[in-house]
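Encoded as structure tokens, the structure appears first; notes follow it.
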Amino acid sequence: MIRTPGKEQGTKNPPSKTPPKVVKKLARRSLERFEPVALEHTFTVSESAPTTSKAKSPKEGGVAWTLSPATATKSRVREATALLTKGRTAVSQSKNLRGDLKETILSSLDGLKKLVADAESALEAERARKGSGGSGGVASANITAAVAPAVSPDPGLSGKLDEHSRLLLESNRRMEALQEQLKRCSEAAKAASQRTYTSVAAVMPQHPIKPAALHSVLISSSDEKETGEEVLNRVRKTIDAKEGWVKVERVRKAKDRRVIMGFGSAEERNKARDRMSREGSGLVVEEIKNRDPLLVLRGVLSVNTDEDILKALRSQNRDLFDDLGPLDDRLQIKYRRRARNPHVAHVVLSASPTLWGRITGMGSVHIDLQRVRAEDQSPLVQCSRCLGYGHRRKFCKDPADLCSHCGGPHLRSKCADWLAGSPPSCRNCRKAKLDNVEHNAFSDDCPVRRRWDDLARSSVAYC
1 MIRTPGKEQG
11 TKNPPSKTPP
21 KVVKKLARRS
31 LERFEPVALE
41 HTFTVSESAP
51 TTSKAKSPKE
61 GGVAWTLSPA
71 TATKSRVREA
81 TALLTKGRTA
91 VSQSKNLRGD
101 LKETILSSLD
111 GLKKLVADAE
121 SALEAERARK
131 GSGGSGGVAS
141 ANITAAVAPA
151 VSPDPGLSGK
161 LDEHSRLLLE
171 SNRRMEALQE
181 QLKRCSEAAK
191 AASQRTYTSV
201 AAVMPQHPIK
211 PAALHSVLIS
221 SSDEKETGEE
231 VLNRVRKTID
241 AKEGWVKVER
251 VRKAKDRRVI
261 MGFGSAEERN
271 KARDRMSREG
281 SGLVVEEIKN
291 RDPLLVLRGV
301 LSVNTDEDIL
311 KALRSQNRDL
321 FDDLGPLDDR
331 LQIKYRRRAR
341 NPHVAHVVLS
351 ASPTLWGRIT
361 GMGSVHIDLQ
371 RVRAEDQSPL
381 VQCSRCLGYG
391 HRRKFCKDPA
401 DLCSHCGGPH
411 LRSKCADWLA
421 GSPPSCRNCR
431 KAKLDNVEHN
441 AFSDDCPVRR
451 RWDDLARSSV
461 AYC
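Using full-length UniProt numbering, the first residue of the sequence shown is number 1, and each one after it goes up by one.
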């Protein structure tokens with residue numbers, strides 16, 4: 001029996017197995033590297049398209065940005081263009097507007113449209129400069145940011161956002177103001193286009209105001225030793241107006257110890273005159289006759305004499321003298337005033353109250369080859385030397401001419417303030433210690449002049 005020899009143990013190494021292949025772990029390099037950074041600056045923007053990823057809330061460490069949609073720039077320009085077209089159409093349809101008025105309205109509309117376009121361009125430029133401009137032309141944004149306590153905010157970025165928000169709000173206010181102006185211009189053009197020739201022609205010129213004339217008496221005393229104050233006390237006791245039987249409108253002392261009393265009607269004056277003549281011993285009462293009102297014809301050719309002017313008034317304006325009684329047919333030339341044109345003059349006339357009302361109500365009269373304006377003339381006399389009232393230049397006792405602009409001792413043509421364009425200062429108002437002094441001494445707006453004018457008109461019968 002043959003035996004197979006046994007194998008030696010430990011003499012030979014067993015065959016080695018193939019080592020297993022090592023599988024390397026995949027490195028999510030993009031996610032692991034950039035995800036922490038993305039988590040620190042997570043933000044959400046409200047848009048029309050939905051998003052698939054959910055943004056972190058402010059409590060989780062994210063910053064929330066909310067931008068509300070607004071009207072685009074092109075829509076504002078289109079709206080301004082539409083308003084401009086509407087305004088132009090309304091102006092073109094109006095046939096009663098003057099040419100210069102139409103040009104003014106159209107130029108205003110073009111200017112407003114240009115302002116809208118310039119404001120939008122400035123807004124776009126500001127967006128580009130700030131770096132916050134994007135697609136869509138956002139006009140307004142409501143930005144709210146909530147930062148986690150662990151993340152430190154950027155003060156520079158916050159300041160820029162606040163400044164940008166302020167500029168956007170200011171631009172919106174300007175746009176609204178411009179649109180309101182365009183709307184008002186369109187409404188004005190539409191209202192003007194609705195006026196007809198009949199409505200314009202139906203407007204009559206306003207008649208000048210007729211001041212109430214006073215019926216006055218002049219009272220003096222036969223006793224030459226009595227003063228003006230004593231005469232006034234005697235008149236007060238004699239009249240005794242507290243009983244209510246008469247109404248006195250005005251009383252004032254005059255020179256030479258005399259007193260002037262004015263009444264609202266001739267009946268009141270006659271009652272007071274009769275009582276003073278009957279009960280006032282030593283009082284001398286004289287009736288003051290009211291003067292005729294004055295009117296001025298402006299720009300009458302100087303070649304016309306006074307007789308030519310009176311003849312032309314009666315022959316070329318016959319309707320003014322129709323049905324005029326003999327007591328009311330009074331017309332007299334008082335004086336002439338120089339005009340800027342050396343070939344014409346302003347003619348001042350006195351007329352009866354009835355004739356004065358007809359001429360001033362007509363507003364113009366025909367003189368030879370002219371149609372001249374007829375206006376009311378104040379009876380107030382003002383000195384051109386001292387700028388005072390109640391006397392003329394040739395009776396003035398002031399040694400030097402005073403400036404009507406500043407009140408200094410020089411003519412206005414040599415006044416430094418007038419040449420420099422400084423506001424005027426009325427000498428009479430400064431003397432009266434009034435607050436409103438910024439007007440010329442000859443101005444109709446002067447309060448002192450108005451008081452003197454009322455006093456001068458009180459002795460004129462306008463009706």
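Idealized CB from N, CA, C, for every residue including glycine.
Values in this document were obtained by computation on a predicted structure and should not be read as measured data.
- According to the DSSP secondary-structure assignment, D376 is paired through a beta bridge with L295.
- Approximately 10 Å separates the beta-carbon atoms of L218 and R273; this is outside 8 Å, ruling out the contact.
- Scanning S364, L380, V296 and L301 for the CA closest to the CA of A351 turns up V296.
- Judged by DSSP secondary structure, E267 falls outside any beta strand (DSSP E) and instead within the alpha helix (DSSP H) spanning A266 to E279.
- When C-alpha distances from A374 are compared across L106, Q382, P409 and V365, the shortest belongs to V365.
- Straight through space, the alpha carbons of K247 and R427 are spaced by roughly 36 Å.
- Per DSSP, the beta-bridge partners of K253 are V259.
- The C-beta distance from C386 to C396 rounds to 5 Å, short enough to fall under 8 Å.
- Distances from the CA of L232 to each of A432, K253 and L214 were compared; the closest alpha carbon is that of K253.
- S94: not part of any beta strand (DSSP E); DSSP gives it neither H nor E.
- Setting aside the 5 residues that flank it on each side, K334 is surrounded in the same chain by L294, V348, L349 and S350, each with a C-beta closer than 8 Å to its C-beta; the list follows chain order.
- For R234, the enclosing alpha helix (DSSP H) covers residues G228 to I239.
- Excluding residues up to 5 positions away in sequence, D401 and C403 lie with their Cβ nearer than 7 Å to the Cβ of L411 in the same chain.
- Note that the C-beta distance between D328 and L355 is below 9 Å.
- Per DSSP, Q382 lies in no beta strand (DSSP E) and is assigned neither H nor E.
- The DSSP assignment places complete beta strand (DSSP E) segments of no fewer than 3 residues inside the segment 292-362 at 294-301, 331-338 and 344-351, in order along the chain.
- Relative to the Cα of S315, the nearest Cα in the group L369, A339, R338 and R340 belongs to L369.
- The C-alpha of R166 is placed about 17 Å away from the C-alpha of S121.
- In the DSSP assignment, the residues bridged to S216 are G262.
- The Cβ atoms of V381 and A456 sit closer than 9 Å to each other.
- Assigned with DSSP and collapsed to three states, L387 falls in coil, not helix or strand.
- In the structure shown, E224 adopts coil according to DSSP, grouped into three states.
- Judged by DSSP secondary structure, V448 falls outside any beta strand (DSSP E) and instead within the alpha helix (DSSP H) spanning P447 to R457.
- Shown here for W245: same chain residues with a beta carbon closer than 8 Å to its own, the five before and five after excluded, namely K271 in chain order.
- In terms of Cβ geometry, T238 and L310 do not form a close pair [threshold 9 Å].
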